[in-house]
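Chemist: Just so you know, we're using the working numbering here: the sequence shown kicks off at 1 and counts up by one. What follows is a structure written as structure tokens; I'll ask about it next.
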Amino acid sequence: MKYDDAIKKYDPVIGIEVHVELGTATKMFDAAPNTFGGGPNSNITPTSLGLPGSLPVVNAKGVEYAIRIGLALGCEIAESCRFARKNYFYPDVPKDFQTSQYDEPIAAEGSVEIELEDGTPFTIPIERAHMEEDAGKNTHVGGATGRIHGADHSLVDYNRAGVPLVEIVTHPITGTGERAAEVAAAYVRTLRDIFRAIGVSEAKMEQGNVRADVNVSLRESPDAPLGTRTETKNVNSFRSIERAVRFEIARQATVLEAGESVVQETRHFHEDTGETTSGRVKSDADDYRYFPEPDLVPIVPSRTWVAEIKESLPELPAQKRRRLTGEWGFSDLEMRDIVNAGLLEAIEDTVVAGAPAPAARKWWTGEVARLANQREIHPTALVTPAQVAALVALLADGKLNDRLAKEVLAGVADGEGEPAEVMSARGLEIVEDTGALEAAVDEAIAANPDVVEKIRGGKMQAIGALMGPIMKATRGQADAGKAKELILAKING
Ligand code: ADP
Ligand code: MG
Numbered sequence: 001m002k003y004d005d006a007i008k009k010y011d012p013v014i015g016i017e018v019h020v021e022l023g024t025a026t027k028m029f030d031a032a033p034n035t036f037g038g039g040p041n042s043n044i045t046p047t048s049l050g051l052p053g054s055l056p057v058v059n060a061k062g063v064e065y066a067i068r069i070g071l072a073l074g075c076e077i078a079e080s081c082r083f084a085r086k087n088y089f090y091p092d093v094p095k096d097f098q099t100s101q102y103d104e105p106i107a108a109e110g111s112v113e114i115e116l117e118d119g120t121p122f123t124i125p126i127e128r129a130h131m132e133e134d135a136g137k138n139t140h141v142g143g144a145t146g147r148i149h150g151a152d153h154s155l156v157d158y159n160r161a162g163v164p165l166v167e168i169v170t171h172p173i174t175g176t177g178e179r180a181a182e183v184a185a186a187y188v189r190t191l192r193d194i195f196r197a198i199g200v201s202e203a204k205m206e207q208g209n210v211r212a213d214v215n216v217s218l219r220e221s222p223d224a225p226l227g228t229r230t231e232t233k234n235v236n237s238f239r240s241i242e243r244a245v246r247f248e249i250a251r252q253a254t255v256l257e258a259g260e261s262v263v264q265e266t267r268h269f270h271e272d273t274g275e276t277t278s279g280r281v282k283s284d285a286d287d288y289r290y291f292p293e294p295d296l297v298p299i300v301p302s303r304t305w306v307a308e309i310k311e312s313l314p315e316l317p318a319q320k321r322r323r324l325t326g327e328w329g330f331s332d333l334e335m336r337d338i339v340n341a342g343l344l345e346a347i348e349d350t351v352v353a354g355a356p357a358p359a360a361r362k363w364w365t366g367e368v369a370r371l372a373n374q375r376e377i378h379p380t381a382l383v384t385p386a387q388v389a390a391l392v393a394l395l396a397d398g399k400l401n402d403r404l405a406k407e408v409l410a411g412v413a414d415g416e417g418e419p420a421e422v423m424s425a426r427g428l429e430i431v432e433d434t435g436a437l438e439a440a441v442d443e444a445i446a447a448n449p450d451v452v453e454k455i456r457g458g459k460m461q462a463i464g465a466l467m468g469p470i471m472k473a474t475r476g477q478a479d480a481g482k483a484k485e486l487i488l489a490k491i492n493g
């Protein structure tokens with residue numbers, strides 16, 4: 001069954017679990033550095049490996065970051081909470097349990113406001129945000145798919161074991177209808193932006209700093225009880241999240257249409273085909289034998305500390321966007337285009353560097369975006385906000401016109417220097433020298449007596465026919481207004 005048909009017939013419900021790696025200096029329970037890359041098994045201590053006799057110590061910064069996240073999501077911060085052992089055997093978890101939180105998460109019951117690309121708002125209810133540690137990384141060698149099935153042997157790197165994570169779990173998200181897939185992607189994008197804004201993580205999707213598990217179920221109608229869900233694990237880009245939800249909705253509808261039932265299981269998403277395949281069957285009461293972690297004391301964040309952290313939170317992306325829309329006087333649509341193009345910060349910085357907002361917007365979304373697009377890079381990788389502000393200043397000073405400014409921009413993009421340098425080096429400054437301009441005007445007048453006749457007769461638009469030769473003679477650097485004045489003065493004067 002196709003997604004569009006599935007969505008007409010069934011009401012989708014989604015639930016999203018997002019894991020974010022915190023950008024602390026060290027791991028959650030030991031002093032090993034928390035850095036990406038490095039040789040395999042170089043960022044480890046006996047505690048990372050769970051060696052006998054090693055004991056964990058809680059990373060205070062990790063707790064602070066978890067509280068920051070909880071507060072940014074509007075959650076209640078627990079007066080007291082504990083870590084729990086989630087027991088399971090897997091080679092990348094050397095202790096045979098993951099230190100996590102279970103019935104006492106640090107943050108609970110919040111919400112996140114999101115906006116779809118066309119501006120439709122949606123509220124995502126948050127059930128909890130809890131602290132845990134990441135697992136190491138297995139590499140399965142020899143199989144076709146990189147999965148354990150069919151592999152010759154496996155390698156394990158414990159650098160990531162013990163890296164601080166916060167897991168954010170939504171309540172079941174209902175009422176999305178046909179927009180379920182978009183909502184899922186927009187929600188994770190919003191979280192990514194929040195993590196960056198509050199400084200808890202670089203939140204680089206491509207490095208796996210943010211990973212999402214997407215739960216999907218279908219039901220006959222919005223008042224029917226929730227259907228059986230599947231959980232597609234570790235979907236690591238916004239586009240993949242959207243595709244995975246779409247695929248699952250279509251797949252589950254096909255299963256239901258055939259009179260069969262959806263199996264509650266984990267699934268894997270395949271980037272290449274856009275499909276999900278069956279992982280392991282998972283019941284709600286997975287027997288992880290959770291129990292309170294005996295090696296760690298409960299966490300009791302003082303109310304003063306929580307208040308201090310709340311006080312220190314910066315403006316969140318949604319608030320900032322609302323404020324700037326007002327300050328800049330852009331329409332919602334203009335603002336959305338800026339945000340969707342990832343240009344909000346660049347424009348903000350350009351305005352801070354002195355450019356008026358409309359000019360900053362015009363150049364970033366126009367010529368800069370066009371040049372960047374040709375080179376298949378992001379506009380912010382092409383030029384800096386300071387350079388765009390300098391270009392806008394040269395325009396405002398009358399040293400450049402739009403056409404010349406585009407040439408200067410191309411030079412800046414090619415690494416020829418700052419706008420003023422490129423302007424001088426390429427000789428692009430508007431000709432102020434009236435001598436040169438006058439010569440060009442005289443020449444054009446002499447060469448086009450018929451046009452001159454028309455202008456004398458009052459046909460002002462004929463002036464345009466003289467501008468071509470004048471621009472040509474001055475290599476495009478004539479100030480058009482001045483040239484016009486001169487022409488009229490010479491013909492009528
Ligand atoms: P698990 O241990 O299976 O990962 P969690 O409670 O951590 O369970 O996360 C389950 C996620 O699935 C939550 O976001 C929850 O809201 C969502 N969910 C629960 N039931 C359903 C359902 N029937 N359909 C869709 N999502 C669901
Ligand atoms: Mg979970």
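We treat Cβ as the ideally placed atom computed from N, Cα and C, and that holds for glycine.
(1) Considering Leu-371, what are the terminal residues of the alpha helix (DSSP H) in which it resides?
(2) Excluding the 5 residues flanking Pro-314 on each side, which residues of the same chain have their C-beta closer than 7 Å to its C-beta?
(3) With H, G and I counted as helix, E and B as strand and the rest as coil, what does DSSP make of Ala-235?
(4) Tell me the DSSP bridge mates of Ile-15?
(5) Where do the ends of the beta strand (DSSP E) carrying Ala-439 lie?
(6) Does the Cβ-Cβ distance between Ile-455 and Lys-484 come in under 8 Å?
(7) Taking DSSP's pairing of strands, which residues face Ser-111 in a bridge?
(8) Assuming contact is defined by CB atoms lying nearer than 8 Å, are Glu-248 and Val-281 in contact in what I supplied?
(9) Is Lys-282 near the ligand ADP, in the sense that its beta carbon is under 7 Å from a heavy atom of that ligand?
(10) From Gly-340 to Lys-406, what distance separates their C-alpha atoms?
(11) How big is the Cα-Cα spacing for Ile-430 and Met-467?
(12) If distances are taken between C-alpha atoms only, which option among Glu-220, Val-183, Ser-240 comes closest to Arg-211?
(13) Tell me whether Ser-201 counts as near the ligand ADP, meaning its Cβ is closer than 7 Å to at least one heavy atom of that ligand.
(14) Taking the beta strand (DSSP E) that Arg-280 falls in, what are its first and last residues?
(15) With distance defined between alpha-carbon atoms, name the residue in Lys-320, Gly-177, Lys-137, Lys-2 nearest to Ile-44.
(16) Assuming the contact rule is C-beta atoms closer than 8 Å, Phe-238 and Ala-185 should be a hit. Round their C-beta distance to whole Å, please.
(17) Does the Cβ of Thr-304 have 16 or more other Cβ atoms within 10 Å, making it buried, or fewer, making it exposed?
(18) Can you tell me whether DSSP reads Pro-358 as helix, strand or coil?
(19) Relative to the C-alpha of Met-131, which residue among Leu-165, Gly-143, Ala-78 is closest?
(20) So, do the segment 290–301 and the segment 94–112 have three or more beta carbon pairs nearer to each other than 8 Å?
(21) Do you know offhand how far Glu-109's Cα is from Leu-71's?
(22) Which residue marks the beginning of the alpha helix (DSSP H) containing Leu-344, and which one marks its end?
(23) Counting along the chain, where does the beta strand (DSSP E) carrying Asp-157 start and finish?
(24) Should Arg-375 be flagged as near chain B, meaning a C-beta pair shorter than 8 Å?
(25) What is the C-beta distance between Val-20 and Phe-195, in whole angstroms, given that I count them as a contact (C-beta under 8 Å)?
(26) Quick check: the Cα distance between Pro-449 and Leu-371, rounded to an integer number of angstroms?
(27) Would you be able to state if there are at least three C-beta pairs under 8 Å between the segment 255–270 and the segment 229–237?
(28) For the putative contact between Val-392 and Trp-363, defined by C-beta atoms under 8 Å, what is the C-beta separation to the nearest angstrom?
(29) Got a sec: does the ligand ADP put a non-hydrogen atom nearer than 7 Å to the Cβ of Arg-229?
(30) For Lys-482, which residues from the same chain have a beta carbon less than 8 Å from its beta carbon, with the 5 sequence-adjacent residues on both sides left out?
(31) Please classify Gly-175 as buried or exposed, where buried requires at least 16 other C-beta atoms within 10 Å of its C-beta.
(32) Does DSSP put Leu-165 in a helix, a strand or coil?
Modeler: Result, derived from the coordinates:
(1) For the purposes of this step, residue 371 is taken as the residue at position 371 of the sequence shown. 369–374 is the extent of the alpha helix (DSSP H) around Leu-371.
(2) As a first step, residue 314 is located in the sequence shown; it is residue number 314 there, counting from the start. Cβ within range, chain order: Ala-197, Ile-198.
(3) Residue mapping note: residue 235 aligns to position 235 of the sequence shown, counting from 1. The sequence shown places Val at residue 235, rather than the Ala named in the question. In the structure shown, Val-235 falls within a strand segment according to DSSP collapsed to helix, strand and coil.
(4) Reading the sequence shown from its first residue, position 15 is the one you call residue 15. The displayed chain sequence assigns Gly, not Ile, to residue 15. DSSP output for Gly-15 lists Asn-215 as bridge partner(s).
(5) For the purposes of this step, residue 439 is taken as residue 439 along the sequence shown, with counting starting at 1. Under the DSSP assignment, Ala-439 falls outside any beta strand (DSSP E), being part of the alpha helix (DSSP H) whose first and last residues are 434–447.
(6) What you label residue 455 is simply residue 455 of the sequence shown in a count that begins at 1. What you label residue 484 is simply residue 484 of the sequence shown in a count that begins at 1. Between Ile-455 and Lys-484, the C-beta gap is not smaller than 8 Å, which leaves the two residues out of contact.
(7) Your numbering for residue 111 matches position 111 in the sequence shown. According to DSSP, Ser-111 bridges with Pro-125.
(8) Walking along the sequence shown from the start, residue 248 turns up at place 248. Walking along the sequence shown from the start, residue 281 turns up at place 281. Against a cut-off of 8 Å, the Cβ pair of Val-281 and Glu-248 comes out as no contact.
(9) For the purposes of this step, residue 282 is taken as residue 282 along the sequence shown, with counting starting at 1. For Lys-282, the distance from the CB to the nearest heavy atom of the ligand ADP is below 7 Å.
(10) The sequence position of residue 340 within the sequence shown is 340, counting from 1. The sequence position of residue 406 within the sequence shown is 406, counting from 1. At residue 340 the sequence reads Asn, which differs from the Gly that was named. Looking at the two C-alpha atoms, the distance is approximately 24 Å.
(11) Residue 430 sits at position 430 when you count from the first residue of the sequence shown. Residue 467 sits at position 467 when you count from the first residue of the sequence shown. Cα-Cα distance, rounded: 15 Å.
(12) Walking along the sequence shown from the start, residue 211 turns up at place 211. With distances taken between Cα atoms, Arg-211 lies closest to Ser-240.
(13) Looking up residue 201 in the sequence shown gives position 201. The answer is no for Ser-201.
(14) Position 280 of the sequence shown, counted from the start, is the residue given in the question as residue 280. DSSP places Arg-280 inside the beta strand (DSSP E), whose first and last residues are 275–281.
(15) By 1-based counting over the sequence shown, the position of residue 44 is 44. Taking only the C-alpha atoms, the option nearest Ile-44 is Lys-137.
(16) Numbered from its first residue, the sequence shown carries residue 238 at position 238. Numbered from its first residue, the sequence shown carries residue 185 at position 185. Confirmed, Cβ separation roughly 4 Å.
(17) Against the sequence shown, residue 304 aligns to sequence position 304. Exposed: under 16 other Cβ atoms inside 10 Å.
(18) Working through the sequence shown from its first residue, we reach residue 358 at position 358. The three-state reading of DSSP puts Pro-358 in helix, counting H, G and I together.
(19) In the sequence shown, counting from the first residue as 1, residue 131 sits at position 131. Closest option to Met-131, Cα to Cα, is Leu-165.
(20) The answer is yes - the segment 94–112 touches the segment 290–301, with three or more Cβ pairs under 8 Å.
(21) Residue 109 sits at position 109 when you count from the first residue of the sequence shown. Residue 71 sits at position 71 when you count from the first residue of the sequence shown. CA-to-CA, the gap between Glu-109 and Leu-71 works out to about 10 Å.
(22) For the purposes of this step, residue 344 is taken as residue 344 along the sequence shown, with counting starting at 1. Run containing Leu-344: 344–352, per the alpha helix (DSSP H) assignment.
(23) Translated into positions along the sequence shown, residue 157 becomes position 157. Where Asp-157 is concerned, the enclosing beta strand (DSSP E) stretches over 153–157.
(24) Looking for chain B here will not work: only one protein chain is present.
(25) Start at 1 with the first residue of the sequence shown, and residue 20 comes out as number 20. Start at 1 with the first residue of the sequence shown, and residue 195 comes out as number 195. Your pair Val-20 and Phe-195 checks out as a contact, with CB atoms roughly 5 Å apart and the cut at 8 Å.
(26) In the sequence shown, residue 449 corresponds to position 449, counting from 1. In the sequence shown, residue 371 corresponds to position 371, counting from 1. The straight-line gap from Cα to Cα measures roughly 41 Å.
(27) The segment 229–237 vs the segment 255–270: in contact.
(28) As a position in the sequence shown, residue 392 is number 392, starting the count at 1. As a position in the sequence shown, residue 363 is number 363, starting the count at 1. With a Cβ gap of about 7 Å, Val-392 and Trp-363 count as contacting.
(29) For the purposes of this step, residue 229 is taken as the residue at position 229 of the sequence shown. Result yes, Cβ under 7 Å from the ligand ADP.
(30) In the sequence shown, the residue the question calls residue 482 occupies position 482. The answer, listed in chain order, is Thr-434, Leu-437.
(31) As a first step, residue 175 must be located in the sequence shown, where it is residue number 175. So Gly-175 counts as exposed.
(32) In the sequence shown, residue 165 corresponds to position 165, counting from 1. Residue state, collapsed to three classes: strand.
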